[in-house]
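Let me begin by presenting the structure, written as structure tokens, before commenting on it.
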Ligand code: HEC
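Numbering (the numbering used here), first residue to last: 20 to 121.
So this is what it looks like as structure tokens:
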């Protein structure tokens with residue numbers, strides 16, 4: 020029984036995304052180098068992003084794709100580089116988390 024619990028815990032840690040709180044995931048993936056929740060840095064604040072897309076039900080999927088591929092022109096002339104360290108599930112988690120900032 021003890022061994023079973025240890026294996027289950029280890030498996031949980033290896034499956035990455037769900038083991039992280041989203042804020043920790045954003046830190047681990049280096050998002051906070053250019054973004055903060057409430058203040059514009061290199062990129063827009065997550066609160067500004069959430070406000071811009073409030074009520075837009077396609078926003079999560081669009082932002083998840085942009086988080087992975089990067090892009091420019093929505094907020095200004097500074098580009099967001101691609102983030103290849105972020106997988107599909109993590110991009111979705113991060114997009115949902117950004118959109119939940121108010
Ligand atoms: C090197 C700096 C940099 C890093 C690192 C970075 N971003 Fe960005 N991000 C930007 C900039 C600049 C923009 C504005 C791009 C634009 O105007 O289209 C942006 C825009 C965004 C947007 C809004 C996109 C839109 O179309 O409205 C989201 C969401 C976002 N970033 C999330 C993230 C997440 C999550 C990470 C971590 C995986 C991350 N960013 C890492 C600079 C960065």
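Don't be surprised by glycine CBs; every beta carbon is placed ideally from N, CA and C. Every value quoted in this text rests on a predicted model; they were computed, and no experiment measured them.
Report the rounded CA-to-CA distance for residue i versus residue j, giving the unit in angstroms.
{"i": "residue 115", "j": "residue 96", "result": "25 Å"}
{"i": "residue 58", "j": "residue 64", "result": "5 Å"}
{"i": "residue 119", "j": "residue 55", "result": "14 Å"}
{"i": "residue 110", "j": "residue 86", "result": "6 Å"}
{"i": "residue 48", "j": "residue 98", "result": "17 Å"}
{"i": "residue 74", "j": "residue 62", "result": "22 Å"}
{"i": "residue 46", "j": "residue 104", "result": "12 Å"}
{"i": "residue 42", "j": "residue 77", "result": "22 Å"}
With residue i as the anchor, note down where its alpha helix (DSSP H) starts and where it stops.
{"i": "residue 41", "result": "41-47"}
{"i": "residue 118", "result": "107-118"}
{"i": "residue 71", "result": "65-71"}
{"i": "residue 86", "result": "78-88"}
Which residue from the options puts its Cα closest to that of residue i?
{"i": "residue 102", "options": "83, 92, 93 and 118", "result": "83"}
{"i": "residue 44", "options": "113, 65 and 94", "result": "113"}
{"i": "residue 50", "options": "77, 100 and 78", "result": "100"}
{"i": "residue 171", "options": "71, 107 and 93", "result": "The shown model of the chain, from 20 to 121, leaves out residue 171, and the question about it has no answer."}
{"i": "residue 60", "options": "72, 76 and 94", "result": "94"}
Is residue i buried or exposed, if buried means 16 or more other CB atoms sit within 10 Å of its CB?
{"i": "residue 117", "result": "buried"}
{"i": "residue 91", "result": "exposed"}
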